[in-house]
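Colleague:
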Amino acid sequence: MKVTEHINKAKDTLFSFEILPPLKGQKIEDIYNVIDPLMEFNPPWINVTYHREEVIYKRLPNGLLEQKTVRKRPGTVGICAALQYRYKVDTVPHMLCGGFSKEDTENALIDLDFLGVQNIMALRGDSMKNERFFAPEADGHQFAKDLVGQIRGMNEGQYLDEDLKNSSKTDFAIGVAGYPEKHFEAPSPNQDIEYLKEKVDSGADYIVTQLFFDNQKYFDFVDRCRAAGITVPIIPGLKPIATKQHLSFLPHFFKVDLPDALVKAVVDCKDNAAVRQVGVEWGIQQAKELKAAGVPAIHFYSMGRPDNIVGIAQEVF
Ligand code: FAD
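Going by my numbering, the first residue of the sequence shown is number 118, and it counts up by one from there.
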């Protein structure tokens, strides 16, 4: 079933979460161990992130550096199929513009369609670590809205080979990313919303937000989206803070601010066990307020650790 169908059917706020594929060489059981404790909260779908290739440098015995391209977390498509089979749950694979030609995208969509996956989260992806700015493949997409357009085209039976006759239509619900605190490359908050509207006009069915720690930022973002004519569901994304290092990692990596009260509570903690507790309590307050406001679902970023999300879900769902 599609995410949008689950939302339309639901009488209350839904619980969802995303997982990362295991690092190459690790077992799929590692992610079952993350998922198992979260299944009691009845997620109608589970997102599986996509991780593009990285360039690494290996020092050779002669002192020179060898450049290698590696994919550290492959397996998104296979994991989605395995989860649907094992847990009888819908899955949402993330797909990127980065690293994909249009033909790679088409082939991946065909695989997902054959596997009975009916949802895609369509994203641009970040630039490679050795690039200053995002660069698409020679025959790839520059922006997520272009990827959305390709997926919508296949939903209408349009494949890259225009000579195909009576081609089968896929039926994917398409999610896209939204940024309550602005995407870091966007020139202004309003322009970012204009670009988000373009993604929706290209065929996106719903939005999932970047994580945030101040609900007011989400509520303001939703108001600005509605004022700009965006009418699709906007699912808030939450991640409980769990370590002191997160105080610098989260703003650096996700380009979000932390409220002063949360920062102070974390700074005052004796150890990371205490930080985890602060993160769970903050997450409970955030999730309760969002649920009371009638959000369609709350999406948790698990980052491979289920225990703090279980702590929040027990109080809220
Ligand atoms: P876009 O919507 O294409 O926007 C990228 C930038 O371009 C923005 O600054 C936007 O304002 C600007 N822009 C858009 N349209 C135009 C235009 N027409 N002209 C000029 N500028 C324009 N990354 C991963 O690698 N794997 C994942 O699995 C993953 N999952 C994510 C899940 C969620 C819910 C979120 C919020 C992010 C996720 N990301 C993931 C990160 C995401 O790939 C990055 O944030 C990326 O930098 C932007 O992706 P986007 O899809 O929002 O891009």
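Virtual Cβ for every residue (Gly too), placed ideally from N, Cα, C.
Pick out whichever of ASP318, VAL349, GLN333 has its Cα sitting closest to the Cα of ALA261.
Modeller: In the sequence shown, residue 261 corresponds to position 144, counting from 1. Residue ASP318 is the option with its Cα nearest to ALA261.
Colleague: Taking 8 Å as the cut-off, does the CB of ARG269 come closer than this to any heavy atom belonging to the ligand FAD?
Modeller: Counting from one through the sequence shown, the residue named residue 269 turns up at place 152. Not so, every heavy atom of the ligand FAD lies at least 8 Å from the Cβ.
Colleague: Buried or exposed for TYR174, please, with buried defined as at least 16 other CB atoms from any protein chain shown within 10 angstroms of its CB.
Modeller: Locating residue 174 in the sequence shown gives position 57, counting from the first residue. Looking at its Cβ environment, which holds fewer than 16 other Cβ atoms inside 10 Å, TYR174 is exposed.
Colleague: Verify whether the separation of the beta carbon atoms of LEU328 and LEU367 is less than 9 Å.
Modeller: The residue labelled residue 328 in the question sits at position 211 within the sequence shown. The residue labelled residue 367 in the question sits at position 250 within the sequence shown. Yes. Within cutoff.
Colleague: Ignore the nearest five residues each way along the sequence and tell me which others in GLY233's own chain have a CB closer than 7 Å to its CB.
Modeller: Working through the sequence shown from its first residue, we reach residue 233 at position 116. The answer, listed in chain order, is GLN201.
Colleague: Can you pull every residue whose C-beta falls closer than 5 Å to some heavy atom of the ligand FAD, listed in chain order?
Modeller: The answer, residue by residue, is THR166, TYR167, HIS211, LEU240, ARG241, GLY242, ASP243, PHE260, ALA261, ALA294, HIS300, GLU302, ALA303, ASP309, TYR312, VAL325, GLN327.
Colleague: Among all the DSSP beta bridges, which residues are the ones paired with GLN184?
Modeller: On the sequence shown, position 67 is the one that residue 184 refers to. In the DSSP output, where bridge partners are listed per residue, GLN184 has TYR174.
Colleague: Roughly how many whole angstroms lie between the Cα atoms of VAL339 and ALA345?
Modeller: Position 222 of the sequence shown holds residue 339. Position 228 of the sequence shown holds residue 345. Answer to the nearest angstrom: the Cα atoms are 10 Å apart.
Colleague: Taking the straight line between their C-alpha atoms, what separation do you get for ASN236 and THR208?
Modeller: Here residue 236 is taken as the residue at index 119 of the sequence shown, counted from 1. Here residue 208 is taken as the residue at index 91 of the sequence shown, counted from 1. Straight-line Cα distance between these residues: approximately 7 Å.
Colleague: In whole angstroms, give me the CA-to-CA distance for CYS214 and LYS387.
Modeller: Stepping through the sequence shown from its first residue, residue 214 is reached at position 97. Stepping through the sequence shown from its first residue, residue 387 is reached at position 270. Their Cα atoms are separated by approximately 43 Å.
Colleague: Going by the CB atoms, is the gap between ALA414 and GLU432 shorter than 9 Å?
Modeller: The sequence position of residue 432 within the sequence shown is 315, counting from 1. The sequence position of residue 414 within the sequence shown is 297, counting from 1. It is not a contact, given that the beta carbons lie outside the stated cut-off.
Colleague: Apart from the five residues just before and just after GLU220, which ones in its own chain have a Cβ nearer than 8 Å to its Cβ?
Modeller: Sequence index remark: in the sequence shown, residue 220 carries index 103 (1-based). Hits under 8 Å: ASP256, LEU277.
Colleague: Do VAL395 and LEU379 count as a contact pair if the criterion is CB distance below 9 Å?
Modeller: Taking the first residue of the sequence shown as position 1, residue 379 is located at position 262. Taking the first residue of the sequence shown as position 1, residue 395 is located at position 278. Contact: yes.
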